[in-house]
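The structure appears below as structure tokens.
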Amino acid sequence: MKIYTKTGDVGETSLLGGGRVSKHDVRVEAYGDVDEVNSALGAALAAAPAEFEAALLESIQRDLFAIGGQLASPDPAKVAKALAKAQIDERRIAALEAAIDRATAELPPLAAFVLPGGTPKAALLHLARTICRRAERSVVALHERTPIAPVLLVYLNRLSDLFFTLARLANHRAGVPDRTW
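Heads up, the sequence shown is in the working numbering, so the first residue is 43 and it goes up one at a time.
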């Protein structure tokens, strides 16, 4: 199977479940931004130390794939079987919140705005956080046009908080203090 189809050469793309839209469509922007979060998270996972929260971060990558699948389908009923494993629910949000709470318990209290950076792992988690915020804005824009599951908005909001907390934790465990503004 060839990776290129040539069907997008004129600026359109296919949606999951059928239909074609401009590559600049708000839906494509939303799932594209979620895909970019996933790629940034992959870069963070690749940075040393590799074992740092690896299982948590890999589970988030799977969640982001699921979210992208949901966003790519304007008619989820048509692709219900394909999206069966793409469910994001309150349990996943609770897992993010529990991870934030565990990390926060290990950190010194936050007293000022933190400048992104520090270790390569922390810097990449900060990058993932800012891309996640953009993805959240894109998904909100889609939601304003076509309602999507509200749980996806909550998930992305909580996820950026987790990335911030994990960036601080990566620095803390490496002995690198927060650089504040």
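Glycine included, every Cβ here is placed at the ideal spot set by N, Cα and C.
Pop quiz: residue i and residue j are said to be a contact at Cβ under 8 Å. What is the actual Cβ separation, rounded to whole angstroms?
i, j, result
"Gln112", "Leu194", "7 Å"
"Lys127", "Ala97", "At roughly 18 Å, the Cβ-Cβ gap does not stay under 8 Å, so Lys127 and Ala97 are not in contact."
"Val79", "Val70", "With 8 Å as the limit, Val79 and Val70 do not qualify as a contact, their Cβ atoms being about 15 Å apart."
"Leu149", "His214", "6 Å"
"Tyr197", "Ile130", "5 Å"
Can you tell me which of the options puts its alpha carbon nearest to the alpha carbon of residue i?
i, options, result
"Asn199", "Pro150, Ser81, Gly53, Leu138", "Leu138"
"Ala154", "Thr222, Gly61, Ala216", "Thr222"
"Gly159", "Val182, Pro192, Leu211, Thr188", "Leu211"
"Glu186", "Lys48, Val68, Thr55", "Val68"
"Phe94", "Ala140, Leu152, Leu57, Pro162", "Pro162"
What does the Cβ neighbour count give for residue i, buried or exposed, with the cut at 16 atoms within 10 Å?
i, result
"His168", "buried"
"Ile45", "exposed"
"Leu134", "Note on residue identity: the sequence assigns Arg, not Leu, to residue 134. Per the 10 Å Cβ criterion, buried."
"Leu157", "exposed"
"Leu152", "exposed"
Give me, in chain order, the residues of the same chain whose beta-carbon lies closer than 6 Å to that of residue i; leave out the 5 immediate sequence neighbours on both sides.
i, result
"Asp75", "Arg176, Ala177, Ser180"
"Gly59", "Ser115, Asp117, Lys120, Val121"
"Phe206", "Arg171"
"Ala209", "Ala164, Leu167, His168"
"Ala89", "Pro162, Lys163, Leu166"
So, at 7 Å on beta carbons, what are the nonlocal neighbours of residue i in its own chain, with the 5 sequence-adjacent residues on each side left out?
i, result
"Gly110", "Tyr73, Val76, Asp77"
Would you say the beta carbon of residue i comes nearer than 8 Å to a heavy atom of the ligand NAD?
i, result
"Gly59", "The ligand NAD is absent from the structure shown, which contains no ligand whatsoever."
Leaving out five residues on either side along the sequence, give the residues of the same chain with a beta carbon under 8 Å from the beta carbon of residue i.
i, result
"Gln103", "Asn80, Leu83, Gly84, Leu87"
"Ile173", "Asp75, Glu78, Val79, Ala82"
Counting only runs of 3+ residues fully inside the segment 91-119, write out the beta strand (DSSP E) ranges in chain order. none
Only counting runs of 4 or more residues, tell me where the alpha helix (DSSP H) segments fall wholly within the segment 119-207, in order along the chain. 132-148, 162-187
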